[in-house]
Amino acid sequence: MILNPVVESAEFIHNHSKHVSIPKDGINHGAAKIFEAMKKTHYDTSKWKEHPLNPKECNAGTVDWIFLVDLLNFSFWSEIDIDDTGVPHPDRYRVSFQGVGYTGYWSMVAAINRALEEGIPITTPSFFASEELLPDAEIARIFRSDTKEQIPLLQDRIRVIREAGTVLVEKFGGNFANCIAQAEGSALKLVDIVTSNFSSFRDEAEFCGRKVQIFKRAQILVADLW
816 MILNPVVESA EFIHNHSKHV SIPKDGINHG AAKIFEAMKK THYDTSKWKE
866 HPLNPKECNA GTVDWIFLVD LLNFSFWSEI DIDDTGVPHP DRYRVSFQGV
916 GYTGYWSMVA AINRALEEGI PITTPSFFAS EELLPDAEIA RIFRSDTKEQ
966 IPLLQDRIRV IREAGTVLVE KFGGNFANCI AQAEGSALKL VDIVTSNFSS
1016 FRDEAEFCGR KVQIFKRAQI LVADLW
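FYI, the numbering for the sequence shown is 816 to 1041, going by our numbering.
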């Protein structure tokens, strides 16, 4: 049986935190509000597909798409749009796809979809692992902006792309679906496989003398695969 390190870490942090607390009444109120909303609105995988940028088919290609998107789902803070009021600054990093401009997380997704539409197999691990097939300059071009601000942390994104692609090719037959198969239907086991093999998904910190696990994007990845 695999224990949930995130739950254990959350409990440890809760029990040892000195400056932050979570009132139980607030948790109960929030849970009740979510429960009532769930009773009124049916939610299933079709809801996720409603966004124009998300894939509509359930196949291995979609699995690789989800993996790459969640691999790169970090740091969309703008150095131009510092206030981030909800109305994007005209110079903020933006990517247009099929006539619509996107900022934030969706700008990265739009760039990936744009590349696929251009015939670039950006979601194929054996392709994005190879500097010969996909030079750094081409990755920069794929994430090109409509504005003067470029995508944040481009070099870090290139690094995690290379690492993840190499791991998938060398250990999982070049296909993230093989990671899912190894998990044998267990979400906890899949999180463990992801965090054990892909360092960029392994967000940990030291707190009160022990290591605690956050694993935010790993959990998002598993949830998106539902």
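Note that beta-carbon positions come from the ideal geometry of N, C-alpha and C, so glycine has one too.
Keep in mind that this is a model prediction, so the values were computed, not measured.
By the CB criterion at 7 Å, residue 1028 and residue 1019 fall inside the cutoff.
When Cβ pairs closer than 8 Å are counted between the two stretches, the segment 967–976 is seen to touch the segment 941–959, the count reaching three or more.
For residue 927 and residue 851, the gap between their C-alpha atoms comes out near 36 Å.
For residue 859 against residue 939, the beta-carbon gap comes to about 28 Å, at or over 8 Å, which does not count as contact. Within the DSSP bridge table, the entry for residue 1020 names 1027 as partners. Apart from sequence neighbours up to five positions away, the residues of its chain that approach residue 917 with a beta-carbon distance below 6 Å are 910 and 925, ordered along the chain.
For residue 924, DSSP records no beta bridge to any residue. Put simply, the backbone Cα of residue 831 is about 7 Å away from that of residue 1023. Rounded to the nearest angstrom, the gap between the Cα atoms of residue 960 and residue 1006 is 32 Å. Going by beta carbons, residue 886 and residue 984 fall outside the 7 Å limit.
Under the DSSP assignment, residue 1001 falls outside any alpha helix (DSSP H); it carries neither an H nor an E label.
No residue range can be given for residue 902, since it is assigned to no alpha helix (DSSP H) and is classified by DSSP as neither H nor E. Contact between residue 1030 and residue 1016 holds, with the beta-carbon distance rounding to 7 Å and staying under 8 Å. Exclusion of the five residues before and after residue 1026 leaves 1019 as the residues of its chain whose Cβ lies within less than 7 Å of its Cβ. Under the criterion of beta carbons closer than 8 Å, residue 897 and residue 907 do not qualify as touching, at roughly 10 Å. Around residue 857, the same chain offers no residue with a beta carbon nearer than 6 Å, after the five sequence neighbours per side are excluded.
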